[in-house]
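Written below as structure tokens is the structure these notes are about.
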DNA sequence: GTCTATACATCGATAGAC
DNA sequence: GTCTATCGATGTATAGAC
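Chains as they are written, first to last, in the working numbering: chain A, 761 to 979; chain B, 761 to 979.
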């Protein structure tokens, strides 16, 4: 029984490796079994089918990717300090699981409704709407610390700059050969550059953006 | 012969649809044949194997994704106008081919050396190093129009904010249900928000970023 | 060129010995 | 529980009629 649980996690870990690397379609039960050091039939003994095994793995990774998101949100009222912490923590976490973001984006796109429900369930934990980041941004706007920004777009910008380099690493490193995305030096430099851009981009004591040439902006 | 060419592109188009949607592993010759309205055997007559068919499709999409990148680079010396054009053009192009970015990122990660060579060949067209954007940024820094920024990181930030919402659309729209990424209204709003963040973030007449609390910054 | 029929390989899944 | 052997389905690829 205890041995059974050990086997189960052993297989689950191997399956996680293979699924994250090759995706659901690219992975085979044979390879998972081989990497777990067991026979193919044993996978079915513990998980019945490839679909069920995949579901277990996927659910686990949704927890990892979304569930612990809240942990990364710093507890400080200083918006600049908040951003600095968040960017640093978030990038560190992403780089610690470099295959996860790409896997998530691709598989969720394929997954359809089933994956959708699982994510909704995980993300909407006690909140009805608005991300936990929303309130922090909105408060800073009210306090006059930062200029008025659209929270959704600002958060999207922040997340984009953190995630994309990890997801796009294979592409980026081919186009910019001097860049090693996951090297500690680059990551530190990158954190500073993101923070500098974002902070200057929203701080209230900077001049307001110029109106577009095509008109002073209606509505 | 002419009919042959028509058939070939007909199959190639169907194959493109299926490969972009399901990826190399998820796609089947059967589905491609069905969507092209022809028999399975005909695919092999024209393309010999699934691998060869995929290569043709992939090469075509590399052209689409990277090859025309140069076209999107505005011809203006006004850095603000430049950024405004680039962001707008780039987002429009991405949204016009919404499946392409996700496909590229995932497949390149899987593809390994073969895909790598193809991309290098396409991207390094007459340039030895540095992207076409580099020179624009560096000139603006020299002119004193914008504050000193690391070109690689700045470009990465710009690209990230444009690409990620398209790639992450399935995820984002589950977490932020009020957002419809590809709606014209959201896209226009988003372009403005990106530009405002970026422009305020780098304009030279803004105050310099505060030194980190941990020290005034060495080097 | 285009189809039907089929060969061949692989994969997911099960049966049954141990 | 864990293995070997094997089945059935599916997928790529080819042979051959038209």
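Note that beta-carbon positions come from the ideal geometry of N, C-alpha and C, so glycine has one too.
According to DSSP, residue pairing for residue 932 of chain A in a beta bridge does not occur.
The stretch 766-846 of chain B is shown to contain whole alpha helix (DSSP H) runs of 4 or more residues at 789-796, 800-807 and 810-825, in chain order.
Ranked by Cα distance from residue 869 of chain A, the first of B:869, B:871 and B:858 is B:858. When CB distances to chain A are screened at a threshold of 8 Å, the residues of the stretch 852-868 of chain B falling below it are 862, 864, 865, 866 and 868, in chain order.
Proximity to residue 810 of chain A across A:792, A:820 and A:905 peaks at A:792, based on C-alpha coordinates. Within chain B, the residues placing a beta-carbon under 8 Å from that of residue 880 of chain A are 934, ordered along the chain. Within the stretch 902-929 of chain A, contact with chain B at the beta-carbon level (separation under 9 Å) is assigned to 907, 909, 910, 912, 913, 914, 915, 916, 917, 919, 920, 921, 922, 923, 924, 925, 927, 928 and 929. Taking 9 Å as the Cβ-Cβ cut-off, the stretch 769-801 of chain B approaches chain A at 781, 782, 783, 784, 785, 786 and 787, given in chain order.
Under the three-pair Cβ rule at 8 Å, the stretch 826-840 of chain B does not count as touching the stretch 929-948 of chain B. Taking the Cα of residue 938 of chain A as reference, the smallest distance to any Cα among B:847, B:816 and B:891 is reached at B:891.
Between residue 961 of chain A and residue 961 of chain B, the C-beta gap is smaller than 8 Å, which places the two residues in contact. Nearest Cα to residue 771 of chain A within the set A:794, A:879, A:784 and A:952: A:794.
Per the coordinates, the alpha-carbon of residue 879 of chain B lies some 17 Å from the alpha-carbon of residue 780 of chain B. Taking 8 Å as the threshold, the shortest C-beta distance from residue 957 of chain A to chain B falls below it. Under the three-state reduction of DSSP, residue 885 of chain A is assigned to coil, being neither helix nor strand. Straight through space, the alpha carbons of residue 873 of chain B and residue 914 of chain A are spaced by roughly 37 Å.
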